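In the working numbering, the protein residues as written are 1 to 249. Inspection log for the structure reproduced underneath, given as structure tokens.
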């Protein structure tokens, strides 16, 4: 236990250039105390003392701003810098020599049971505010850029940035994305689909207003417009039925 604590202190000096003395590290790096408390909490959790470990973890969060679920597995020499707002979920696994900055979340994506939090390999660096969500694996020596949202597995020796996270460096070589669709941005996909539907409606209305434009070919009504007109017809029928009922009374 004391050897592992000494390793944690040494990790602070390796990762934080602002660290000066052991006394300062012990008194001012509260993330150390959060990690050490987690070692105790994890032991309690593995021995079935669930309430006690959760209760201690909540008090640790109150004093340090770092929330580590007792069920999470932390490797050796894990360093949390600044630490405020860090959340590590129950089934998360963090490898040796990992560096985590403030505001990082190792969380889930739903209410499923079982393994639902990420696994971080050795030597991973997670930038401030990054969110790594779901049962995914981040390979050894990866770097996750600040503010990134990672939702899929990342191979070793990669650098990930963006929302959603995409690889920009792999094995020291820059990854050039020639097709924006490779980024797999759900919001962009929705916007693109809406843009296509608007274009279809414009073409249909243009032909409708110009009497088929002299081509003699009628465009099929777009699905989105069909759905809209169907809803309108259904509303009119409901209103007519209501009027007939009132008249009958």
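Using N, Cα and C, we set each Cβ at its ideal position, and we do this for glycine too. What you are looking at is a predicted structure, and each value in this text was computed from that prediction instead of being measured.
Just grab the DSSP bridge partners of residue i for me.
i: residue 167; result: 160
i: residue 173; result: 170
i: residue 91; result: Note: residue 91 sits in no beta bridge, so no partner.
i: residue 44; result: Residue 44 pairs with nothing; no bridge assigned.
i: residue 138; result: 120 and 154
i: residue 144; result: 126 and 160
i: residue 74; result: 94
i: residue 67; result: 87
i: residue 99; result: 79 and 125
Could you pull out every residue in the same chain whose Cβ sits closer than 8 Å to the Cβ of residue i, ignoring the five residues on either side in sequence?
i: residue 140; result: 95, 121, 122, 123, 124, 156 and 157
i: residue 11; result: 77, 78, 79 and 97
i: residue 151; result: 109, 133, 134, 136, 164 and 165
Look at the alpha carbon of residue i and the alpha carbon of residue j, and state the distance between them as a whole number of angstroms.
i: residue 206; j: residue 144; result: 48 Å
i: residue 13; j: residue 142; result: 21 Å
i: residue 169; j: residue 19; result: 30 Å
i: residue 214; j: residue 191; result: Annotation note: pLDDT 49 at residue 214 (below 50); position unreliable, coordinate value reported separately. Distance between the alpha carbons of residue 214 and residue 191: 32 Å.
i: residue 153; j: residue 134; result: 10 Å
i: residue 7; j: residue 76; result: 8 Å
i: residue 41; j: residue 66; result: 14 Å
i: residue 86; j: residue 100; result: 8 Å
i: residue 68; j: residue 28; result: 19 Å
i: residue 25; j: residue 35; result: 13 Å
i: residue 30; j: residue 64; result: 6 Å
i: residue 2; j: residue 45; result: 21 Å
i: residue 174; j: residue 162; result: 15 Å
i: residue 70; j: residue 112; result: 18 Å
i: residue 164; j: residue 106; result: 15 Å
i: residue 138; j: residue 172; result: 16 Å
i: residue 33; j: residue 17; result: 19 Å
i: residue 193; j: residue 48; result: 50 Å
First and last residue of the beta strand (DSSP E) that includes residue i?
i: residue 105; result: 105 to 107
i: residue 131; result: 131 to 133
Ordered along the chain, which non-local residues of its own chain (more than five positions away) have a Cβ less than 6 Å from that of residue i?
i: residue 98; result: 78, 120 and 124
i: residue 93; result: 73 and 119
i: residue 116; result: 91, 108 and 135
Could you spell out the range, first to last residue, of the alpha helix (DSSP H) harbouring residue i?
i: residue 4; result: 2 to 15
i: residue 27; result: 22 to 28
i: residue 148; result: No alpha helix (DSSP H) contains residue 148, which DSSP labels as neither H nor E.
i: residue 56; result: 50 to 64
Is there a C-beta anywhere in chain C that falls below 8 Å from the one on residue i?
i: residue 127; result: Given the protein chain composition of this structure (a single chain), no chain C is represented.
Do the stretch 47 to 55 and the stretch 75 to 92 touch if we need at least three Cβ pairs shorter than 8 Å? As far as the Cβ criterion goes, the stretch 47 to 55 does not touch the stretch 75 to 92, which means the pair count is below three.
Do three or more CB pairs link the stretch 56 to 65 to the stretch 121 to 138 at distances below 8 Å? Short answer: they don't touch.
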